[in-house]
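In the UniProt record's numbering, the protein residues as written are 1 to 134. By construction, the Cβ of each residue, glycine as well, lies at the ideal position given by its N, Cα and C atoms. The structure displayed is predicted, hence computed values, not measured ones. One structure is given here, and the rest of the page talks about it.
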């Protein structure tokens, strides 16, 4: 319920910020990660339809607004993979985990050594993905 109110709030913010490209980018990315968390929560509660509805919404946004999700791109892809894993759709889950690993490595390649070390070792999802990749 709290996450759903989060989505409603960010839907309103997206409308309000549509005239400012930077703010639109920021709130849209946060809304997308919020949707991925809500999809994960629904999947864990066994509400498969609601979970898949949010996943469909996110994947539609990614394909039309790719740069809007970059701040949370690894987390969004990881959460989608987790949803599919929970729902027993292992092949789809693996694809999204692979995409998250590719995205994580793409970002890491742009960082200096010190920042790359922090990026890989101080973020739980990144540590999990590194384990999946090995």
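- By the criterion of a C-beta distance shorter than 8 Å, residue 128 is surrounded in its chain by 78, once the five residues flanking it on both sides are discounted.
- By the Cβ rule, the stretch 35-49 counts as touching the stretch 78-91, because three or more pairs are nearer than 8 Å.
- Just so you know, the alpha carbons of residue 57 and residue 32 end up roughly 9 Å apart.
- Bounds of the alpha helix (DSSP H) holding residue 126 are 124-133.
- Here residue 104 has 74, 126 and 129 as same chain residues with Cβ atoms under 7 Å from its own Cβ, once five neighbours each way along the sequence are excluded.
- Around residue 47, the same chain offers no residue with a beta carbon nearer than 7 Å, after the five sequence neighbours per side are excluded.
- Fully enclosed beta strand (DSSP E) runs of no fewer than 3 residues are not present anywhere in the stretch 83-118.
- Residue environment: residue 51 is assigned as buried (16 or more neighbouring CB atoms within 10 Å of its CB, all protein chains considered).
- In the same chain as residue 53, and ignoring 5 residues on each side of it, no C-beta atom comes closer than 7 Å to its own.
- The stretch 40-83 contains, as complete alpha helix (DSSP H) runs of 4+ residues, the segments 48-64 (chain order).
- Cβ neighbours of residue 83 within its own chain (closer than 7 Å, five residues either side excluded): 39, 40, 43, 51 and 55.
- Residue 106 holds the alpha-carbon nearest to the alpha-carbon of residue 71 among 114, 106 and 16.
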